[in-house]
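Its first residue numbered 13, the sequence shown is counted upward by one per residue in our numbering.
The beta carbon of each residue, even a glycine, is placed where N, CA and C say it ideally should be.
The structure appears below as structure tokens.
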Amino acid sequence: MSAYDFNPESLMMTYGYKPELSEGAIKCPIFQTSTFVFKTAEEGKAFFELAYGLREKSPKEELGLIYSRINNPNLEILENRLCLWDKADDCAVFESGMSAISTVLLEFLKPGDLLVYSNPLYGGTDHFIQHFLDKIGVHTIGVMPNQSIEEVHELIEKSGKADRLAMIYLETPANPTNHIIDIEGFANMASSYSTDDKKVLVAVDNTYMGPLWQHPLQCGADLVLYSATKYIGGHSDLIAGAVLGNKDLMIRVKTLRTFLGNMVSPHTAWLMLRSLETLKVRMDQQTENAQIVADYLMTHAKVKKVYYLGVLEEGTKGYETYKKQCSAPGAMVSFDIKGGEKEAFKFLNNLKLVKLAVSLGSTESLAEHPKTMTHAGVEEKQREQMDITDQLVRLSIGVEHSKDLLWDIEQALEKV
Numbered sequence: 013m014s015a016y017d018f019n020p021e022s023l024m025m026t027y028g029y030k031p032e033l034s035e036g037a038i039k040c041p042i043f044q045t046s047t048f049v050f051k052t053a054e055e056g057k058a059f060f061e062l063a064y065g066l067r068e069k070s071p072k073e074e075l076g077l078i079y080s081r082i083n084n085p086n087l088e089i090l091e092n093r094l095c096l097w098d099k100a101d102d103c104a105v106f107e108s109g110m111s112a113i114s115t116v117l118l119e120f121l122k123p124g125d126l127l128v129y130s131n132p133l134y135g136g137t138d139h140f141i142q143h144f145l146d147k148i149g150v151h152t153i154g155v156m157p158n159q160s161i162e163e164v165h166e167l168i169e170k171s172g173k174a175d176r177l178a179m180i181y182l183e184t185p186a187n188p189t190n191h192i193i194d195i196e197g198f199a200n201m202a203s204s205y206s207t208d209d210k211k212v213l214v215a216v217d218n219t220y221m222g223p224l225w226q227h228p229l230q231c232g233a234d235l236v237l238y239s240a241t242k243y244i245g246g247h248s249d250l251i252a253g254a255v256l257g258n259k260d261l262m263i264r265v266k267t268l269r270t271f272l273g274n275m276v277s278p279h280t281a282w283l284m285l286r287s288l289e290t291l292k293v294r295m296d297q298q299t300e301n302a303q304i305v306a307d308y309l310m311t312h313a314k315v316k317k318v319y320y321l322g323v324l325e326e327g328t329k330g331y332e333t334y335k336k337q338c339s340a341p342g343a344m345v346s347f348d349i350k351g352g353e354k355e356a357f358k359f360l361n362n363l364k365l366v367k368l369a370v371s372l373g374s375t376e377s378l379a380e381h382p383k384t385m386t387h388a389g390v391e392e393k394q395r396e397q398m399d400i401t402d403q404l405v406r407l408s409i410g411v412e413h414s415k416d417l418l419w420d421i422e423q424a425l426e427k428v
């Protein structure tokens, strides 16, 4: 009889954990320890040889537990389970989303390299690219929304640095406008610039869609990144990040993580293991609620425009890309309110159930004003090009009852 192929949501309960190694505990305990005891000096030597890449692993050999900066049972089980959603070879979990992002950029970019990146980006990522990578001599080209792949190709050629292209970094759907990018198209572009000696990498920040609604590795990306604080954590009680990809790339990511020391703690890893058990039911409810909210906003007299994948017009390039690479429209809804900052603030200040806070992907619904909050550090001219205006409000839809969410949004709009 062949082995049964369980779905990821079922495997989230037990995968990678052996109760017999932990006194029969049904749930993985917190391994709150800094270091681990070796059975023999020879075992310690063997573990370190693997950890530092001094020799290849034998076929059935596993990296032994050494020190929680290198590995820890909570961390390893969490990373194994996260791999299931994206069908990745390996995963590295970090102490924050920005820690994951900065580690990837530092590992795969060096002075003189060219980075092409999409806009808009999360504000922290934008700041790191603009104000840190620039200082260490990494050249950058920012791609604006609605620029075609052909136009991006022209920008790369005109830069005179096409031979130095090292990475294409995408965030799709974009924060906060839900602008969607064709991952496969950019992966093909990266391949056209790759040589036998150098592969141009494609890294995708998949935070907005979580590990459920979009799988960049299956679209041709080399690395997928998450702020695991969001849907993966999902309860607004932890900060974490994650990177997934093939074995060779992840060895490099994990090696740098070891020496930067920016892995999550055992307790944070344990909290995420808890969260993974309800990931699918939470995200299913969130996208169902978001579609109801978006449909309501589309017909409201005080709403100028709605930014949501579920309302893209059939026949448009964005709609075609969405249908090709996403399984659901997500739970992030942004909209332009008629007026400006005054009207946006009036709406935000009158919400009762929805909380006024940054972050996203949690069980509770949140609202914020991107221009003056999450994207306050982005240059004014650039914000305008990306539709991040005084009018824009961003909603992260949670798991509350949809009728209660509509009541709250309606009464807040009435105050405007």
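What would DSSP say about residue i, mapped onto helix, strand or coil?
| i | result |
| --- | --- |
| Gly154 | strand |
| Arg81 | coil |
| Val255 | strand |
| Gln226 | strand |
| Ser11 | For the chain, the structure presents residues 13 to 428; residue 11 sits outside this window and is missing. |
| Asp260 | helix |
| Val116 | helix |
| Cys103 | strand |
| Asp209 | coil |
| Asp217 | strand |
| Val366 | coil |
| Tyr29 | coil |
| Val323 | helix |
| Lys317 | strand |
| Met284 | helix |
| Thr137 | helix |
| Met201 | helix |
| Thr47 | strand |
| Met275 | strand |
| Pro20 | helix |
| Arg269 | helix |
| Lys383 | helix |
| Arg67 | coil |
| Asp98 | helix |
| Ile195 | helix |
Once you ignore the five residues that flank residue i on each side, which residues in its own chain have a CB closer than 8 Å to its CB?
| i | result |
| --- | --- |
| Phe472 | This structure gives no information on residue 472, because the portion of the chain shown stretches from 13 to 428. |
Which same chain residues end up closer than 7 Å to residue i when comparing Cβ atoms and leaving out the 5 residues on each side of it in sequence?
| i | result |
| --- | --- |
| Leu324 | Gly330, Tyr331 and Tyr334 |
| Gly342 | Pro185, Tyr220, Met221, Trp225, Thr299, Ala302 and Leu321 |
| Leu96 | Pro20, Leu23 and Tyr27 |
| Asn190 | Tyr319, Tyr320, Leu321, Met344 and Ser346 |
Kindly list the residues whose CB is nearer than 6 Å to the CB of residue i, restricted to its own chain and excluding five residues on each side of it in sequence; keep chain order.
| i | result |
| --- | --- |
| Ala202 | Ile180, Val212 and Val214 |
| Glu107 | Asn274 and Val276 |
| Gly76 | Phe59 |
| Trp282 | Ile42 and Asn86 |
| Asp101 | Asn258 and Lys259 |
| Ala369 | Leu378 |
For the alpha helix (DSSP H) containing residue i, list its first residue and its last residue.
| i | result |
| --- | --- |
| Ser171 | Ile161 to Ser171 |
| Ala58 | Ala53 to Ala63 |
| Tyr331 | Lys329 to Gln337 |
| Thr415 | Looking at the sequence shown, residue 415 is not Thr but Lys. Its alpha helix (DSSP H) spans residues Ser414 to Glu426. |
| Asn361 | Glu353 to Asn361 |
For residue i, does the count of other Cβ atoms within 10 angstroms reach 16, so buried, or fall short, so exposed?
| i | result |
| --- | --- |
| Gly273 | exposed |
| Asp17 | exposed |
| Phe198 | buried |
| Tyr243 | buried |
| Glu68 | exposed |
| Glu426 | exposed |
| Asp260 | exposed |
| Asp249 | exposed |
| His381 | buried |
| Asn200 | exposed |
| Gly389 | exposed |
| Asn258 | exposed |
| Phe144 | exposed |
| Ser239 | buried |
| Gly135 | buried |
| Ala306 | buried |
| Gln44 | exposed |
| Thr384 | exposed |
Hey, quick one: how far does the beta strand (DSSP E) through residue i stretch, first residue to last?
| i | result |
| --- | --- |
| Met179 | Leu177 to Glu183 |
| Ala379 | Leu378 to Glu380 |
| Tyr238 | Leu235 to Ser239 |
| Ser130 | Leu126 to Ser130 |
| Ile349 | Met344 to Ile349 |
| Lys147 | Per DSSP, Lys147 belongs to no beta strand (DSSP E) and is neither H nor E. |
| Asp399 | Asp399 -> no beta strand (DSSP E), and no H or E assigned at all. |
| Val390 | That residue, Val390, is in no beta strand (DSSP E); it is neither H nor E in DSSP. |
| Ile293 | Reading off the sequence shown, one finds Val at residue 293, where the question assumed Ile. First-last for Val293: Leu291 to Met310, but that is the alpha helix (DSSP H), not the beta strand (DSSP E). |
Original post:
With contact counted as at least three CB pairs below 8 Å, one residue from each stretch, are the stretch 290-307 and the stretch 109-128 in contact?
Top reply: No: the two stretches stay apart, fewer than three of their Cβ pairs being nearer than 8 Å.
Original post:
Would you call the stretch 301-309 and the stretch 136-155 touching, i.e. three or more CB-CB distances under 8 Å?
Top reply: no
**OP:** Determine, using beta-carbon pairs with one atom in the stretch 345-357 and one in the stretch 394-405, whether at least three such pairs fall under 8 Å.
**Re:** The stretch 345-357, when compared against the stretch 394-405, does touch it at the 8 Å Cβ threshold.
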